[in-house]
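> Let me begin by handing over the structure; questions about it come next.
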Amino acid sequence: MTDDEYQLMLKATWLYYMENYTQQQISGLMGVSRGKVIRLLDEARSEGIIRFLFRQNDQERMEVERRLIKKYSLHDAFVVPTPAHHSDLLDSIARAASMYVADHLRADGFLNIGYGDMTGRILDNLASTRHSDINVTSLTGGVSYYLPKVSSEVFAMHLYLVPSPLILSTPELRDALLHEAPIQDVYRMTNHADMTVVGIGSMDEEATIIRNGILSKTDFALLKMQGAVGDVLNHFIDANGNPVDTDIEDRIMSTSLETLQSMRNVVGVAGGVVKIPAIHAVLRHGYLNVLVTDEVTAQGLLEYEKGPASIGIEYQSSN
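12 is the number of the first residue of the sequence shown in my numbering; add one for each residue after it.
Given below as structure tokens:
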């Protein structure tokens, strides 16, 4: 191997493993075919330039992922270490989710997004790290609550948003808006997206929908009494993942759970022990294809059938 060939191999390897460029992007940057890039990466492994080292805790985490995939019939799972400080948890999971999206979404692909604080964090990470444009379509109204979190580099995103509040004052107003052309256009686009990313909410007083003033603590108390364990796309669900029949359901501007279940590559992103009942319900009903979470939450999901007490949470569910 000549020195020029060796340097070419080093450059391709660095871009792929350290800068997270795709093989196609490296092909364009280096002016070589994608097949050549693949050969360079293979040579780097055979020459010992790249070595994969799995530490004991990495092996354990991969085993947790395998068990989650098997238990909930998922296509994939991405489990990250739980941070030492709880305040770092959301950012850690959001970074992991953005990495997953960047790695699996084609260049100039279309990404559906749900509602919530986690969504804003994921978009913020994607805006600052992705090397190609991304098209984002919203699955709900109320996007103004989390879009301000997106960084100034959002120019790399083309946003197609539902121009509506999240919850309307009456069912009649919601139904009327659903017939408006701008909203119908966005919802038609969501049916053809390459990937969908949704957060999962818990019945916790720190929930985004309470902090944003959309629902009150009294509303939440009533939802708990009716059996709600959490929400996805702001549809409140019971322990089996079925929608809870409330007046809120009739006033919400959001993609239906039935439609969500029919979408391809649906990635759920959530973590924290308090969210385990909600995540379990969403997974149990089969709304997701992929789960991105942290290790403690993943372990709790695997042990959940033993009862909430076994994973150290206080939670009551009404049937």
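Every residue, glycine too, gets a C-beta built ideally from N, C-alpha and C.
Under the rule that 16 or more other beta-carbon atoms within 10 Å means buried, what is residue 99, buried or exposed?
To locate residue 99, count along the sequence shown from 1; it is residue 88. Answer is exposed; the Cβ neighbour count stays below 16.
> Would you tell me roughly how many angstroms separate the C-alpha atoms of residue 84 and residue 229, rounded to the nearest one?
Position 73 of the sequence shown holds residue 84. Position 218 of the sequence shown holds residue 229. In a straight line, the C-alpha of residue 84 is about 36 Å away from that of residue 229.
> Starting from residue 88, trace the beta strand (DSSP E) in both directions and tell me its first and last residue.
The residue labelled residue 88 in the question sits at position 77 within the sequence shown. Start and end: 87-91.
> Give every residue of the same chain whose Cβ lies closer than 6 Å to the Cβ of residue 25, excluding the five residues on either side of it in the sequence, and list them in chain order.
For the purposes of this step, residue 25 is identified with residue 14 of the sequence shown, where counting begins at 1. Excluding sequence neighbours, residue 25 sits near nothing in its chain.
> Excluding five sequence neighbours on each side, which residues of the same chain lie with their C-beta closer than 6 Å to the C-beta of residue 307?
The residue given as residue 307 occupies position 296 in the sequence shown. Only 93 meet the Cβ criterion.
> What three-state label does DSSP hand residue 165 in the structure shown?
Counted from its first residue, the sequence shown places residue 165 at position 154. For residue 165, the predicted structure reports a pLDDT of 48, less than 50, and the residue's modelled location is therefore unreliable. A value from the coordinates is still provided. Note: residue 165 maps to helix in three-state DSSP.
> Out of 42, 48 and 227, which one is the CA nearest neighbour of residue 28?
Stepping through the sequence shown from its first residue, residue 28 is reached at position 17. With distances taken between Cα atoms, residue 28 lies closest to 48.
> Using the rule of at least 16 other Cβ atoms within 10 Å of the residue's Cβ for burial, across every protein chain shown, is residue 246 buried or exposed?
Counted from its first residue, the sequence shown places residue 246 at position 235. Residue 246 should be labelled buried.
> Between the Cα of residue 54 and the Cα atoms of 311, 18, 182 and 107, which residue gives the shortest distance?
Stepping through the sequence shown from its first residue, residue 54 is reached at position 43. Out of 311, 18, 182 and 107, 18 has the C-alpha closest to the C-alpha of residue 54.
> Could you give the DSSP three-state label for residue 171: helix, strand or coil?
Taking the sequence shown and counting its residues from 1, one reaches residue 171 at position 160. The answer is strand: DSSP assigns residue 171 an E or B state.
> Determine the closest residue to residue 105 out of 87, 208, 149 and 250, with distance taken between C-alpha atoms.
Stepping through the sequence shown from its first residue, residue 105 is reached at position 94. Out of 87, 208, 149 and 250, 208 has the C-alpha closest to the C-alpha of residue 105.
> Using a Cβ-Cβ cutoff of less than 6 Å, which residues in the same chain neighbour residue 242 once the five nearest sequence positions on both sides are dropped?
The count along the sequence shown starts at 1 and reaches residue 242 at position 231. Excluding sequence neighbours, residue 242 sits near 212.
> Determine the burial state of residue 291: buried for a count of at least 16 other Cβ atoms within 10 Å of its Cβ, exposed for fewer.
Position 280 of the sequence shown, counted from the first residue, corresponds to residue 291. The residue in question, residue 291, is buried, as its Cβ has 16 or more Cβ neighbours within 10 Å.
> Going residue by residue through the segment 184-213, where are the continuous alpha helix (DSSP H) segments of at least 4 residues, counting only ones entirely within it?
The qualifying runs are 192-201.
> Is it the case that the Cβ atoms of residue 265 and residue 152 are separated by a distance below 9 Å?
On the sequence shown, residue 265 is found 254 positions in, with the first residue counted as 1. On the sequence shown, residue 152 is found 141 positions in, with the first residue counted as 1. Contact flag set, yes.
> Tell me whether the beta-carbon of residue 312 lies closer than 9 Å to the beta-carbon of residue 294.
By 1-based counting over the sequence shown, the position of residue 312 is 301. By 1-based counting over the sequence shown, the position of residue 294 is 283. Yes, Cβ-Cβ distance for residue 312 and residue 294 is below 9 Å.
> Answer yes or no: do residue 262 and residue 184 have a C-beta to C-beta separation smaller than 9 Å?
For the purposes of this step, residue 262 is taken as residue 251 along the sequence shown, with counting starting at 1. For the purposes of this step, residue 184 is taken as residue 173 along the sequence shown, with counting starting at 1. Yes, the pair counts as a contact, with Cβ atoms nearer than the cut-off.
> Let's test the definition: count the other Cβ atoms within 10 Å of the Cβ of residue 72 and tell me whether it reaches 16, buried, or not, exposed.
Residue numbering aside, residue 72 sits at position 61 when the sequence shown is read from its first letter. Burial call: buried.
> So who's on the other strand from residue 265, going by DSSP bridges?
Along the sequence shown, one-based indexing puts residue 265 at 254. 151, per the DSSP bridge assignment.
> Taking buried to mean at least 16 other C-beta atoms within 10 Å of its own C-beta, is residue 217 buried or exposed?
As a first step, residue 217 must be located in the sequence shown, where it is residue number 206. Exposed is the call here.
> Using only CA atoms, which one of 314, 309 and 305 lies nearest to residue 108?
Taking the first residue of the sequence shown as position 1, residue 108 is located at position 97. Checking every option, the nearest Cα to that of residue 108 belongs to 305.
> What runs of the alpha helix (DSSP H), each 4 residues or longer, lie entirely inside the segment 17-54?
Runs found: 34-41.
> Here's the rule: buried if 16 or more other CB atoms are within 10 angstroms of the residue's CB, otherwise exposed. What is residue 135?
If you number the sequence shown from 1, residue 135 lands on position 124. It is buried - the Cβ of residue 135 has at least 16 other Cβ atoms within 10 Å.
> Please report the straight-line C-alpha distance between residue 210 and residue 125, rounded to a whole angstrom.
As a working note, residue 210 is residue 199 in the sequence shown. As a working note, residue 125 is residue 114 in the sequence shown. Cα to Cα, the separation comes out at about 7 Å.
> Express the C-alpha separation of residue 255 and residue 315 in angstroms, rounding to a whole number.
Within the sequence shown, the letter at position 304 stands for residue 315. Within the sequence shown, the letter at position 244 stands for residue 255. C-alpha separation (whole angstroms): 21 Å.
> Using the beta-carbon count (16 or more within 10 Å), is residue 239 buried or exposed?
What you label residue 239 is simply residue 228 of the sequence shown in a count that begins at 1. Buried, because 16 or more other Cβ atoms sit within 10 Å of the Cβ of residue 239.
> Cutting at 8 Å between CB atoms, please list the residues of its own chain near residue 78, excluding the five before and the five after it.
Sequence index remark: in the sequence shown, residue 78 carries index 67 (1-based). Answer for residue 78: 313, listed in chain order.
> CB residue 145 to CB residue 128, shorter than 9 Å?
Counting from one through the sequence shown, the residue named residue 145 turns up at place 134. Counting from one through the sequence shown, the residue named residue 128 turns up at place 117. No, Cβ-Cβ distance for residue 145 and residue 128 is not below 9 Å.
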